[in-house]
Structure formats: structure tokens, C-alpha cells
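Asker:
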Amino acid sequence: MMNTTVRRATSLSAKVILSLALLVSCLALGQSYVFQRTLGAQTLDAGDVDRAVHTGQSYVFQRILGAQTLDAGDVDRVVHAGRSYVFQRMLDAETLDPLGSYSPWGQSVIENLYESLYGYRGATIDLTPQLATGYDLSDDGRTYTFHLRSGVKFHSGNPFACEDVRYSIERALILDPGFVGQALMGTATDALSELGVEGSDEEYAEYWGRLNAAVECLDDRTVAIHSLEPDPILFASLMSPRYFVIDSELAKRNGGWDGNEATWRDLLATDLSEGYLHDHASGTGAFRLASWEPGVRLVAERNPDYWGPAPQVETVVYEVVPDEEARVAALVAGEADQIDVRMTPLSELEGWPGVKVLDPSKDPSLPWGVRVVGAIFFNQAMSPVDNALIGTGKLDGSGVPPDFFSDGDARKCFAYAWDTGEDDPQYAGDGSFYPNMLLLPFYPAYDPTIPHYKLDLEKAEEHCRAAWGGKLWEVGMYLAGPSDDWITQAFKETLEAMNPKFTIGLVDLSPEQEARMWAEMQMPWANAAGYASFPDAYEFMADWYQSSTSVTARFGYKNDEIDRLIAQARTEFDSAERDDLYRQVGRLAYEDAPFILLPSFPYTLVVSDKVSGAYRNPMFTEIRWSDLRKAE
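At the far end of the sequence shown sits residue 882, using my numbering, and the numbering has no gaps.
1. Given a threshold of 16 other Cβ atoms within 10 Å of its Cβ, counted over all protein chains shown, does F823 qualify as buried or as exposed?
2. Select from F337, G446, E361, D376 the residue whose C-alpha is nearest the C-alpha of F692.
3. Any idea if R866 is buried or exposed, counting beta-carbon neighbours within 10 angstroms, 16 or more meaning buried?
4. Which residues bound the beta strand (DSSP E) around N727?
5. Tell me whether the beta-carbon of G525 lies closer than 8 Å to the beta-carbon of D414.
6. What is the DSSP secondary structure of Y368, counted as helix, strand or coil?
7. Excluding the 5 residues flanking Q562 on each side, which residues of the same chain have their C-beta closer than 6 Å to its C-beta?
8. Nearest by alpha-carbon distance to D735: which of M727, C714, A776, W723 is it?
9. Candidates S418, D497, Y493: which alpha carbon is nearest V888's?
10. Assign I483 to one of three DSSP states: helix, strand, or coil.
11. With 16 other CB atoms within 10 Å as the buried threshold, where does K662 fall?
12. Out of A631, E600, R492, point me to the one whose CA is closest to G428's CA.
13. Report all residues from its chain with a CB closer than 8 Å to the CB of V582; omit the five preceding and five following residues, and keep chain order.
14. Whole angstroms are fine: how far does the CA of A730 sit from the CA of R833?
15. Considering only the alpha carbon of each residue, which of W718, D390, E764, E827 lies closest to D646?
16. Run through DSSP, which three-state label would D856 get?
17. Comparing alpha-carbon positions, which option in T854, S358, A411 lies nearest T594?
18. So what's R820 in DSSP terms, helix, strand or just coil?
19. Exposed or buried, what is V546 when buried is set at 16 or more other beta-carbons lying within 10 Å of its beta-carbon?
20. Label D818 either buried or exposed according to how many other C-beta atoms from any shown protein chain fall within 10 Å of its C-beta, with 16 as the threshold for buried.
21. For H528, which residues from the same chain have a beta carbon less than 7 Å from its beta carbon, with the 5 sequence-adjacent residues on both sides left out?
22. In whole angstroms, what separates the C-alpha of P379 from that of Y368?
23. Please report the distance separating the alpha-carbon of T319 from that of E585.
24. N553: buried (16+ other C-beta within 10 angstroms of its C-beta) or exposed?
25. Comparing C-alpha positions only, which one of A665, G658, Q630, F664 sits nearest to P651?
26. By DSSP, does Y832 sit in helix, in strand, or in coil?
27. Less than 7 Å separating the Cβ of F627 from some heavy atom of the ligand HEM?
28. Whose C-alpha, out of Y728, Y454, C714, A560, is nearest the C-alpha of A638?
29. Bridge partners of L387, per DSSP?
30. How about R837 and Y788: do their beta carbons lie closer than 8 Å?
31. Kindly indicate which three-state DSSP category S597 falls into: helix, strand or coil?
32. Please name the residue in D609, F537, D590, D587 whose C-alpha comes closest to that of S597.
33. In or out: D758 buried (at least 16 other Cβ within 10 Å) or exposed?
34. Excluding the 5 residues flanking D653 on each side, which residues of the same chain have their C-beta closer than 8 Å to its C-beta?
35. Classify L363: buried if its beta carbon has 16 or more other beta carbons within 10 angstroms, exposed otherwise.
36. Report the residue from A512, R766, S418, D636 whose alpha carbon sits nearest the alpha carbon of E466.
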């Protein structure tokens with residue numbers, strides 16, 4: 251139940267009087283009262299309460315001590331219970347700007363307010379027309395021509411047209427080109443990062459020329475997108491949240507980029523958290539933003555002008571409730587329809603009255619529940635400058651060299667010394683998934699036959715003895731991490747027991763020191779994770795395996811054959827051949843051990859038993875609001 255405010259009525263001419271004693275006794279039992287609002291009724295007595303029916307026209311009223319009456323205005327402002335979906339979450343969205351959000355907390359809202367040219371069919375990753383009704387591909391494979399849907403309006407009431415598509419794509423290309431920029435402009439890097447502040451006006455003009463030529467409005471209902479070369483992943487990558495279509499007129503009218511060449515460089519220096527789209531939204535989705543009080547509550551309401559089928563739920567309420575016990579209590583009491591669960595064992599919730607646990611690890615009819623895969627990356631190029639974590643900086647028993655993890659046996663020494671927890675019944679009971687590739691398992695390229703590293707002390711010792719030509723085992727090492735780092739603590743437990751000459755230090759660092767050491771790449775390892783944003787495995791292959799990309803490059807990892815295979819996949823139009831190339835990458839990475847794969851936990855939905863239609867499409871970070879249903 252939403253935390254609605256109930257206050258004393260000031261107008262006796264229009265009021266609803268509640269039996270406070272009855273309400274108190276009800277709440278003492280952990281129940282919620284549902285009162286039916288009847289047009290023309292001035293009061294509700296205890297008999298009315300007993301006769302109230304939970305229908306689509308019912309309202310839930312929260313008891314506030316001392317409140318005796320509600321006026322008519324209060325009634326109209328309370329949550330519309332029969333058609334309202336309340337999701338209590340542990341964290342809030344950080345922004346509502348599609349280009350500003352990387353966390354699931356923000357993405358889960360954005361993906362329900364905005365739409366792409368194509369969207370996903372139900373729980374599958376199959377693309378289906380959304381803001382476009384279809385497309386043509388030119389004979390040379392370099393131009394996609396999308397035919398845009400007629401009669402679509404933004405939440406502001408502005409009509410949807412080609413200019414909105416052009417504006418949205420160009421805005422994304424300016425700020426975060428990525429894979430789409432690579433295809434359309436020949437660069438995945440924004441102009442400021444590529445040219446720097448010292449770049450000439452001519453260089454910036456040339457960059458803009460490439461960017462502006464990539465998207466062309468043929469008319470209000472037709473947009474052409476031109477790539478430099480035929481690109482097999484361009485279509486899929488255009489459907490990522492970065493390329494959701496925004497209301498260009500609304501953005502321009504409220505201080506956003508005006509869409510012109512004269513001002514595009516100003517956008518590069520813009521802080522998106524200070525922009526209008528940070529806390530406002532105007533997409534074309536089935537729901538529109540009604541209000542957002544950061545850190546407290548976000549409310550979205552059904553879009554009455556939506557071009558597609560009308561959702562059954564009228565209002566979606568995201569409440570921020572950090573306390574998990576409070577979230578569980580709210581679900582049991584009927585005050586929430588869905589809750590985030592992180593610490594409470596799911597087995598404790600299963601079978602509770604009014605609670606439904608949707609666990610993909612136990613119900614194969616549900617879509618894949620794993621939404622994130624991650625790994626511990628070995629830093630093969632630790633910065634030696636003022637780095638106390640590597641001791642002397644030499645392999646002399648009192649330190650390690652900065653490139654310590656460039657030795658394959660050193661990496662495998664640590665990889666086999668890592669306890670994945672696979673033999674822990676608690677992990678098995680929670681449906682933990684142990685990946686074989688740094689790739690989500692619903693992709694066809696995923697290969698479950700590739701081995702993965704797990705605790706094997708005999709093999710760990712074998713590789714420790716072989717590392718650095720046998721010198722590591724002979725002289726020992728000192729290597730440290732932050733004292734509060736769980737990775738360092740785990741390695742300390744296994745490796746120090748293996749060889750008394752091995753010391754894994756725990757160093758107390760201030761938050762400022764730790765942040766600086768992360769930024770300067772002084773840490774010996776780091777864990778990183780990612781989730782899908784478009785339906786092609788190239789996203790994971792490039793981000794996690796290819797040496798030219800931001801993540802792996804920073805850790806100093808390079809494998810020429812892996813780079814060659816990923817580059818080949820980027821130009822391979824046969825999806826089966828492309829997937830086979832990705833599997834080869836996975837097998838090579840296993841032999842190389844640049845990282846240790848971490849277990850993933852299924853995204854399990856904990857909802858009210860009155861809820862149906864709750865599922866997570868593999869490309870969504872959370873639920874799709876438009877498919878939700880509630881029994882009345």
C-alpha cells in the first residue's frame with residue numbers, strides 16, 4: 251500500500267468518516283481494509299466497511315494515528331488499489347535520462363516509459379515492430395530505411411515523427427557512440443575523448459559531418475540510417491536503451507540540445523544529471539511518469555493515448571524501502587504487490603499466504619532468470635607508482651612485479667584457489683548459476699561444455715609451482731588488497747595455507763585512498779559484471795574479451811587470436827557462424843584464464859498471489875509493466 255497521507259477534514263460538506271476503532275482492530279491483525287467509494291455517499295460507517303467490495307473502483311486507506319476523517323480531495327488522491335501495482339524496492343532510480351542510466355534501478359523505469367523502433371515479443375528476445383512498422387535494407391547492405399508508425403503521441407501530447415528518431419540517435423552518437431557509432435561513423439568514442447580539447451575546429455567539423463550524415467529523414471514517416479559498411483549487429487544494437495526515442499520538441503523547449511550543428515559541441519560538456527530529462531520523461535510507452543520524489547517514490551500512470559493495447563494496471567508505484575524486513579511485511583500484509591528480496595532465503599517465503607515466488611531455476615516455463623554475469627579480472631598491468639599493494643614490486647618474497655598476472659600459470663594458480671561455493675548447499679538451494687562463459691546463457695552462442703575454474707587445491711599448487719619459471723613457489727610473494735575486500739580475504743585463506751612463503755596482505759585504506767587506487771589501476775584484481783542491452787552476443791564478446799575495449803584493455807589483457815575472432819564475427823552475417831566464433835573465444839579464454847567467472851543468482855520475482863503476467867524479458871532489467879495483471 252502506498253504511503254498516502256490521511257489528514258483531518260476541514261470541510262464538513264464533503265467528507266468521509268471512518269470507524270477508527272474498526273480500522274485499528276483490522277490493522278492490528280496485519281490486514282488492510284479496502285473501502286469502496288460510492289458516488290454521492292457522504293459517510294461510511296462500520297456496516298459499510300464490512301460490506302466493502304474489493305473491485306476495480308476500490309481504494310485503500312492507510313491508517314495514520316490521530317486521523318479521524320478524510321475529505322473528498324484526499325479520497326481522490328489515494329492509490330487506486332484494484333488497478334495499482336506497488337513495487338517496494340531497495341534502491342531508487344538514479345536518473346530517468348536514457349543516456350544517463352547504467353544501473354538496473356534506473357533502466358527498469360526507463361524501459362517502461364520509452365520505446366525503440368523495434369521491441370521484444372513477450373518473454374523472448376525476438377524483435378518485433380514497435381515505433382517502426384517495418385524496414386527495408388539496401389542492396390549494398392549499408393542503409394536501413396525504417397517506416398514509422400502513424401498516430402503515435404508522446405506523453406506530452408506531441409506527435410511522434412522522424413525528427414524525434416533523428417534527434418534521439420544523434421544525441422546518443424554525440425554522448426555515447428558505442429557499437430552504433432562504430433558502424434555509422436567509424437568510431438565508438440565521443441568527439442571530446444577522441445579529439446580532446448586541443449582538437450581543431452576542422453577536426454570537430456569533420457566528426458560532426460560523419461555523425462550528421464548517418465541519419466536522414468526522408469519524410470515525417472521515413473528515416474534512413476546509413477552505415478559505413480554492412481554491419482550484422484547494427485539492427486540489434488539500435489534497439490538498445492541508449493537509442494530509445496525521446497520527445498525532441500519537449501527536450502529542446504526545456505533547455506536540451508537544439509539539434510543543430512552550431513550547438514552540438516556544447517552537449518559534450520553537459521552534465522546530464524542537471525538536464526530536464528534527468529527527472530522528467532516523455533516517451534511513447536504504455537505508461538507515463540506521474541511523479542518522482544527521489545529516494546522515496548516514483549509513480550507512473552497508464553498512458554491514455556497509447557498506440558497499442560491498454561495495460562490492465564492503471565498505476566505503477568515504485569516505493570524505496572531499504573529495510574528488507576519491512577518490504578516482506580508489506581507484501582504479506584497486502585500493502586505491496588512485489589518486493590525486492592536480497593537476504594531472505596526464498597524457501598522461507600514459499601508457501602506463505604498471499605505470497606508467490608516465481609523462480610526460473612525451478613520453473614522451466616519462466617524465461618531465463620539470470621540477468622547478470624560477472625568475473626574477477628586479474629590486473630596484468632598494475633601501476634607501480636606509490637603502490638604498497640605489490641610490496642617491493644619484485645618477485646623476491648616481499649612483493650610481486652606490476653605485470654605479475656601476465657604469467658598464465660600465476661593466473662591459474664589463483665583461479666584454482668578460488669572457492670566458487672558450488673559445493674555449498676545454500677548456493678545450490680538458491681538456484682545459483684555457474685557460467686562457462688562471460689555471456690548470458692540465453693544467447694545461442696553460449697557454450698555450456700566449456701569448463702570453468704573452481705576450487706582445486708592440487709591444480710592450484712601445480713600452477714603455483716610452475717608460475718614465473720618456478721620462482722614464485724621458491725621465493726614466495728607478498729600481494730595485498732583492501733582489508734574490506736572479499737576477494738582478497740578469500741585468496742588469503744586458500745593461498746597462505748598452500749605455501750608459508752605466500753602472504754596475501756590486508757591493507758586498511760581510507761575511502762579516498764581506495765578510490766584513487768582503483769582509478770589508477772593499482773589494485774591486483776577487480777570484479778565487474780554486465781547485463782544485456784541488445785540481442786547479440788557481440789556486446790559481451792567485445793566488452794569483456796577484446797583487448798581494444800575499455801574493460802579488458804584497462805586490465806592489460808591481450809590475446810591476438812581472440813581479437814581476430816571477434817573482429818571476424820563483427821563482419822559475419824551468418825548468425826550460426828558468428829555464434830561459433832564466439833564459442834571459440836570462450837574456449838580460448840578458458841585456456842588463458844584472464845578472469846575467474848563468478849556465480850550468478852537467478853532474478854526471482856516475489857509477488858502477491860493476486861499478480862499474474864509478471865516476468866522479466868531477458869533484455870529487460872526488471873518486469874514489463876504493460877503485461878501485469880491483478881485479480882480483483
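Where a beta carbon is used, it is the ideal one built from N, C-alpha and C, also for glycine.
Answerer: Based on what the coordinates show:
1. Taking the first residue of the sequence shown as 1, we reach residue 823 at position 573. F823 is exposed by the Cβ-count criterion.
2. Numbered from 1 along the sequence shown, position 442 holds the residue referred to as residue 692. Checked all of F337, G446, E361, D376; the closest Cα to F692 is D376.
3. Working through the sequence shown from its first residue, we reach residue 866 at position 616. Per the 10 Å Cβ criterion, buried.
4. Position 477 of the sequence shown, counted from the first residue, corresponds to residue 727. This sequence places Met at residue 727; Asn is not what is there. Run containing M727: 727-732, per the beta strand (DSSP E) assignment.
5. Numbered from 1 along the sequence shown, position 275 holds the residue referred to as residue 525. Numbered from 1 along the sequence shown, position 164 holds the residue referred to as residue 414. The answer is no: Cβ separation not under 8 Å.
6. As a position in the sequence shown, residue 368 is number 118, starting the count at 1. DSSP places Y368 in strand when its eight states are reduced to three.
7. Against the sequence shown, residue 562 aligns to sequence position 312. The residues are R879.
8. Taking the first residue of the sequence shown as position 1, residue 735 is located at position 485. When only C-alpha atoms are compared, the closest one is A776.
9. Because residue 888 is not part of the residues shown, which for the chain are 251 to 882, the question remains open.
10. As a working mapping, residue 483 is identified with position 233 in the sequence shown. It is coil, neither helix nor strand.
11. Within the sequence shown, the letter at position 412 stands for residue 662. K662 should be labelled buried.
12. Counted from its first residue, the sequence shown places residue 428 at position 178. Comparing Cα-Cα distances from G428 to each of A631, E600, R492, the minimum goes to R492.
13. Locating residue 582 in the sequence shown gives position 332, counting from the first residue. Excluding residues within five positions, the ones whose Cβ falls inside 8 Å are G280, W602, P603, G604, V605.
14. The residue labelled residue 833 in the question sits at position 583 within the sequence shown. The residue labelled residue 730 in the question sits at position 480 within the sequence shown. Cα-Cα distance, rounded: 34 Å.
15. Start at 1 with the first residue of the sequence shown, and residue 646 comes out as number 396. The option with the nearest alpha carbon to D646 is W718.
16. The residue you call residue 856 lines up with position 606 of the sequence shown. Sequence inspection shows Val at residue 856; the Asp mentioned does not correspond to that position. The answer is strand: DSSP assigns V856 an E or B state.
17. What you label residue 594 is simply residue 344 of the sequence shown in a count that begins at 1. Selected option, being the one with the closest Cα: T854.
18. Residue 820 sits at position 570 when you count from the first residue of the sequence shown. Three-state result, R820: helix.
19. Taking the sequence shown and counting its residues from 1, one reaches residue 546 at position 296. By the 10 Å Cβ count, V546 comes out exposed.
20. In the sequence shown, counting from the first residue as 1, residue 818 sits at position 568. Note on residue identity: the sequence assigns Gln, not Asp, to residue 818. That one is exposed.
21. Here residue 528 corresponds to residue number 278 of the sequence shown, with the count starting at 1. Closer than 7 Å at the Cβ level, and outside the excluded window around H528, lie T345, L346, D347, G350, L522.
22. Taking the sequence shown and counting its residues from 1, the one referred to as residue 379 is at position 129. Taking the sequence shown and counting its residues from 1, the one referred to as residue 368 is at position 118. Near 5 Å, if we compare the C-alpha coordinates of Y368 and P379.
23. On the sequence shown, position 69 is the one that residue 319 refers to. On the sequence shown, position 335 is the one that residue 585 refers to. Note that T319 has pLDDT 36, beneath the 50 cutoff, so the model's placement of it is unreliable and the number below is only indicative. Distance between the alpha carbons of T319 and E585 is about 21 Å.
24. As a first step, residue 553 must be located in the sequence shown, where it is residue number 303. Counting Cβ neighbours within 10 Å, N553 comes out buried, since at least 16 surround it.
25. Along the sequence shown, read from residue 1 onward, the residue named residue 651 stands at position 401. For P651, the nearest C-alpha among the options comes from Q630.
26. In the sequence shown, residue 832 corresponds to position 582, counting from 1. DSSP places Y832 in helix when its eight states are reduced to three.
27. As presented, the structure is devoid of all ligands, the ligand HEM included, so that no description of it is given.
28. Taking the sequence shown and counting its residues from 1, the one referred to as residue 638 is at position 388. Ranking Y728, Y454, C714, A560 by Cα distance to A638 puts Y728 first.
29. The residue you call residue 387 lines up with position 137 of the sequence shown. The partner list for L387 (beta bridge, DSSP) reads Y394.
30. On the sequence shown, residue 837 is found 587 positions in, with the first residue counted as 1. On the sequence shown, residue 788 is found 538 positions in, with the first residue counted as 1. It is not a contact, given that the beta carbons lie outside the stated cut-off.
31. As a working mapping, residue 597 is identified with position 347 in the sequence shown. Reduced to three states, the DSSP call for S597 is helix.
32. Against the sequence shown, residue 597 aligns to sequence position 347. The candidate whose alpha carbon is nearest that of S597 is D609.
33. Counting from one through the sequence shown, the residue named residue 758 turns up at place 508. The residue in question, D758, is exposed, as its Cβ has fewer than 16 Cβ neighbours within 10 Å.
34. Residue mapping note: residue 653 aligns to position 403 of the sequence shown, counting from 1. Here the set comprises Q630, A631, M632, G806.
35. Start at 1 with the first residue of the sequence shown, and residue 363 comes out as number 113. The residue is buried, with at least 16 neighbouring Cβ atoms inside 10 Å.
36. Counting from 1 along the sequence shown, the entry for residue 466 is found at position 216. Measuring from the Cα of E466, the nearest candidate turns out to be S418.
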